[in-house]
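Worksheet: one structure, shown below.
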Amino acid sequence: MTYKLEIKTADSADAGTSAKATITVVWSSGDRTVLHADGAAGYLDSGALDVLTFDAGPFQNPGAPVAIELSHDDAGAASGWFVCYVRVFAPGGKWWRADFQRWLATDERDGSLHASARLRNHSRWMGDLHDHFGTISSRNEFGEVPLHQLPMAGTHDSGTYGMGKGAMAQDATILEQLGLGVRFFDLRPRAYGGKFYVQHTLGSDNVLVNYGQTTKFAVNPGDGSIFNDIRDFLAHNPNEVIILKFQTFSLFDAEEHDDFRQLIAAYFPLIPQGPVENLTLNNIRNGAGRVIVFYGDDLGAAAPYDASWYGLWPYRVAQEQRSVGYVSLLDPWWEDDIGASGGDDDQASFARTWQPYHEANLVDWASRSPAFFVTQAQMQVLHGELDDRGRDNAYRNNGRNIAMFMNWVKMGVPRQVDPSVLSGAPAPVLRPNIMTLDFVEYGHETLGSLTDAIVDYFLSISPPMFSRTYDYDRFNTPFIQLPGQQGVPVLA
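Have a look at this one:
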């Protein structure tokens, strides 16, 4: 069988290598396949995505690929190499990814020319964790956690892959993002020429959905649209839950809004609006719905809502969430509150402004009725050339945002609960919910991708100890902001 291997080298100066690299695929059988890529022969340049094809070799039954080992011979004047990730594709399209996010160089970090990482695919992480914690008793405590207190990865401007660099926020397609474990998608629709596309100020060729071929709202299997990709993904991974947010509609009139909503209903098994605290994996598995859709009502779709809204959750953009009480998704945009410099990525600004701002919003969120909450971790692109700085910013900052988020997951969001309301009981732990990232393929050097870190954390918990280890907030809890959070603008 022929396999394909992708190697991504970082998009930054001097990240490519002149050395000869050795890539070893480790199989579940213990067998190993050794490949080579020579930097002096045009491979492994800065920003390159190199593709190698290989056969599993003489092994009769190697099993699945489980790890990648990398090294190089340190040859040439520019031998240092920054490796982002390696992916292995099996015949039929299934893939696994190993995150590195590190240098292989004698004069960088640990000075090592060797590294290894596990190959992983997170297409079924929700269902797999639910099954894992359900093996101990009939009461699945992981499945009892409301989705708004379950950490998950999201992407900002999720459908912008392939666009011009000034508008592009992702390289990975929606299907690739799903395989990386992303479960929250921020999609900006554009109506044009009888189709619905993705836009981000500029238009794109990425089709969200087409009108039906037989009838207007019929599903068109296999047409390559994003809606079909998500629908097919759920058909193969029926225990996953996906959240879609549609906002900033371009060139829509009232009829196109109505049509778009009806196409959403035709393609997806929707979870209709209801109490957020009841949305647990246990409850969702007992129903047919798997997709939560938040639909912006700010352009051409104002209340009272007609029948095309059935199954959808109304949404307003971040700066308008302050004035309405019915929105069940909060995603404050930091630039609205603390200005463009609030997302500067020097370490002092990160510690002084960035982290306290997000923590203050999380604490404020917990004082309200239960709702989903998005920590928007895509930082301001203040440095470098426009064509490159968005991706370079993600390379610099995704790792520390993931580390910040995982510290909240493990330790709780810093806050002080008013002791007078506790009656001697321990204070509830506030867990974060969703973090959106640009160029989500860039992760943390040791934690990996955000979903890697989330899954590893939950797998570290002994199932009988789950409820003791992962207690969480039920919301509407009086709190006292910590001194570092004072004066930081939050949702009013």
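The opening position of the sequence shown corresponds to residue 752 in my numbering, with each subsequent residue numbered one higher.
For each residue, glycine too, the CB sits at the ideal point set by N, CA and C.
- Ranked by how close their Cα comes to the Cα of Gly1194, the residues Ala1178, Asn1144 and Phe1209 have Asn1144 in first place.
- Just so you know, the alpha carbons of Ala1178 and Val1168 end up roughly 6 Å apart.
- Contact between the region 1063-1081 and the region 913-924 is absent: fewer than 3 CB-CB pairs across the two stretches fall below 8 Å.
- Following the DSSP letters along the chain, one finds Asp806 inside the beta strand (DSSP E) bounded by residues Leu800 to Asp806.
- In the assembly as shown, Gln950 is a buried residue. Its beta-carbon has 16 or more other beta-carbons within 10 Å.
- Around the CB of His899, 16 or more other CB atoms lie within 10 Å, so the residue is classed as buried.
- Ala920 sits away from Gly1094, with the two beta carbons spaced by 8 Å or more.
- Under the DSSP assignment, Ser955 falls in the beta strand (DSSP E) whose first and last residues are Leu953 to Asn961.
- Secondary structure of Glu859 (DSSP, three-state): coil.
- Scanning Arg941, Ala868, Tyr948 and Gly843 for the CA closest to the CA of Glu1196 turns up Ala868.
- Runs of the alpha helix (DSSP H) lying entirely within the region 920-946 and spanning at least 4 residues, in chain order: 925-930.
- Tyr1066 carries a strand assignment under DSSP once its states are collapsed to helix, strand and coil.
- Annotation: Thr804 to Leu756 spans about 6 Å, alpha carbon to alpha carbon.
- Taking each of Trp1116, Gly1150, Ser1079 and Asp1224 in turn and checking the Cα distance to Gln1098, the smallest one comes out for Gly1150.
- Rounded to whole angstroms, Pro902 and Asp937 show a C-alpha spacing of 17 Å.
- Contact annotation: the region 885-898 does not touch the region 938-945, with fewer than three C-beta pairs closer than 8 Å.
- Our two residues, Leu1181 and Gly1047, have alpha carbons roughly 28 Å apart in a direct line.
- Each residue's CA atom was taken as its position, placing Gly894 and Ser1218 some 11 Å apart.
- Residue nearest to Thr784 within the set Asn971, Leu864, Asp801 and Met752 is Met752 (criterion: CA-CA distance).
- DSSP places Phe1045 in the strand class (E or B) of the three-state scheme.
- The bridge partners DSSP lists for Ala849 are Val837.
- If you look at Ile994, you'll find it in the beta strand (DSSP E) that goes Ile993 to Phe997.
- At least 8 Å separates the beta-carbon of Arg838 from that of Trp832.
- Exposed is the label assigned to Met1162, since fewer than 16 other Cβ atoms lie within 10 Å of its Cβ.
- For Asn988, the closest alpha carbon among the candidates Gly932, Leu1188, Asn961 and Pro972 is that of Gly932.
- In this structure, the alpha-carbon of Ser1100 lies about 31 Å from that of Ile994.
- Contact between the region 819-836 and the region 757-768 is present: 3 or more CB-CB pairs across the two stretches fall below 8 Å.
- With the rule of 3 Cβ pairs closer than 8 Å, the region 789-798 counts as touching the region 766-781.
- When DSSP states are grouped into helix, strand and coil, Met903 belongs to the strand group.
- Put simply, the region 960-978 does not touch the region 990-1008. Fewer than three CB pairs are less than 8 Å apart.
- Within its own chain, the residues whose Cβ lies closer than 6 Å to the Cβ of Ser780, once the five positions on either side in sequence are excluded, are Pro813 and Gly814, listed in chain order.
- Counting along the chain, no beta strand (DSSP E) covers Glu1086; the unbroken alpha helix (DSSP H) around it starts and ends at Trp1085 to Ile1089.
- Here the C-alpha atom of Glu859 lies approximately 27 Å from the C-alpha atom of Ala1128.
- Between Leu1032 and Val1044, the CB-CB gap reaches or exceeds 8 Å.
- Within 10 angstroms of the beta-carbon of Gln852 lie 16 or more other beta-carbons, which makes it buried.
- Within the model, the alpha-carbon separation for Pro1020 versus Ser863 is close to 49 Å.
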